[in-house]
Amino acid sequence: MKIIVCKNYEEMSKKAAMVVKDVIGRYYRPKLGLATGSSPEGLYKELVKMYESNDINFLNAETVNLDEYVGIDPENPQSYHYYMQKNFFDKINIRKENIHIPSGSEDKLDEAVRDYNEKLDYVGRRDIQILGIGENGHIAFNEPAFKLNLRTSIVELTEDTVKANSRFFENEEDVPKRAISMGIKDILNAEVILILASGAKKQKAVKELIEGDRLDTKFPASMLHIHNNVVLVIDEDAYGLVGK
Ligand code: GLP
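For the sequence shown, the residue numbers in my numbering are 62 to 305.
Written out as structure tokens, the structure reads:
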């Protein structure tokens, strides 16, 4: 695992954008795995800036997202569909048909799971997968559990995650309790995995990710140890407990 410790969130976002730019520059049809949450927001801002100054082009890019809440409309500002449009897709020249985000539409969940797995098979190995990490070590919405899903599934969110994500909602009760999430096997199906973590709240997860030497389904991010090209870009606050 390559670890890049940055002064703060801004530097982390800039460094991460350089890694993404580098990968995109290598391919005619770059395939990107994208994440939501606060961690990659600054990265998307940097990528948009690069696009605006003609340093990067998304015309032939294809993207797959990690997850979506169940039962939230794509037009709802709390949905991951909305997040991606607002923070990234509306601001770059990607083609609509090359954007893939799982559907969280409540009445057709079986179909959504099947469709998304087919989509992932069709897109194939991504050139880079961007990831955040939950305070409890979740990746995408793969929560600590006795068993982890290999492929896209409907998952129950843990209380910790509902609490952590309630900051984006008016009330904690409004946070959906289920999500559709890419599984571990598909997350790992990328040439490079770029993980972002910022702030003291992530200290424990980051320490466990760096110092852990076992696969532990109770700490889903430990599965990343199987991959041999993981780049962890974090700020000093998130790195704070490493070695202590
Ligand atoms: C959410 C998302 C994850 C994300 C994580 C951390 O629950 N499903 O994909 O990595 O939480 O989010 P943040 O970056 O906002 O801390």
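Beta carbons are placed, not taken as given, at the ideal position from N, Cα and C, and that holds for glycine. This one's a predicted model, so the numbers in the text were calculated from it and none came from an experiment.
Proximity winner among the options, relative to residue i (alpha-carbon distances)
i, options, result
"ASP188", "ASP116, THR124 and THR219", "THR124"
"GLU231", "VAL131, ASP128, PRO138 and THR278", "PRO138"
"TYR177", "LEU127, TYR89 and TYR144", "LEU127"
"ASP182", "PHE150, ILE64, ALA96 and GLY244", "GLY244"
"VAL81", "GLU272, HIS286 and ILE256", "ILE256"
"GLU167", "PHE149, TYR130 and PHE150", "TYR130"
"GLU72", "ALA258, ASP83 and PHE119", "ALA258"
"PHE202", "LEU293, ARG239, TYR300 and GLN190", "ARG239"
"THR278", "VAL236, ASN197, GLY103 and GLY86", "ASN197"
"ARG175", "ILE241, THR219, TYR141 and LYS152", "ILE241"
"LEU249", "LEU95, ARG87 and ILE64", "LEU95"
Bridge partners - residue i, DSSP secondary structure assignment
i, result
"ASN126", "LEU95"
"SER214", "SER242"
"ALA258", "ILE295"
Residue i CB to nearest heavy atom of the ligand GLP below 7 Å
i, result
"ASN210", "no"
"ASP247", "no"
"LEU127", "yes"
"THR222", "yes"
"PHE230", "no"
"GLY198", "no"
"ASN69", "no"
"SER100", "yes"
"ALA78", "no"
"THR219", "no"
"GLY86", "no"
"PHE202", "yes"
"ASN148", "no"
"ILE194", "yes"
"ASN137", "no"
"ASN226", "yes"
Reduced DSSP category for residue i - H, G, I as helix; E, B as strand; rest coil
i, result
"ALA225", "helix"
"ARG175", "helix"
"GLU252", "strand"
"VAL131", "coil"
"HIS199", "coil"
"GLN190", "strand"
"ILE162", "coil"
"LYS63", "strand"
"VAL81", "helix"
"TYR242", "Note on residue identity: the sequence assigns Ser, not Tyr, to residue 242. Three-state DSSP puts SER242 in a strand."
"ALA206", "coil"
"ILE271", "helix"
"TYR112", "helix"
"PRO138", "coil"
Exposure label - residue i; buried when at least 16 CB within 10 Å
i, result
"LEU276", "exposed"
"ASN154", "exposed"
"TYR89", "exposed"
"LYS193", "Note that residue 193 corresponds to Gly in the displayed sequence, not to Lys. With 16 or more other Cβ atoms within 10 Å, it is buried."
"ASP296", "buried"
"GLY185", "exposed"
"GLU107", "buried"
"PHE207", "exposed"
"ALA158", "The displayed chain sequence assigns Glu, not Ala, to residue 158. Classification for GLU158: exposed."
"LEU211", "exposed"
"ASN148", "buried"
heavy atom of the ligand GTP below 7 Å from residue i C-beta
i, result
"THR97", "Looking for the ligand GTP in the displayed structure turns up nothing; the ligands present are the ligand GLP."
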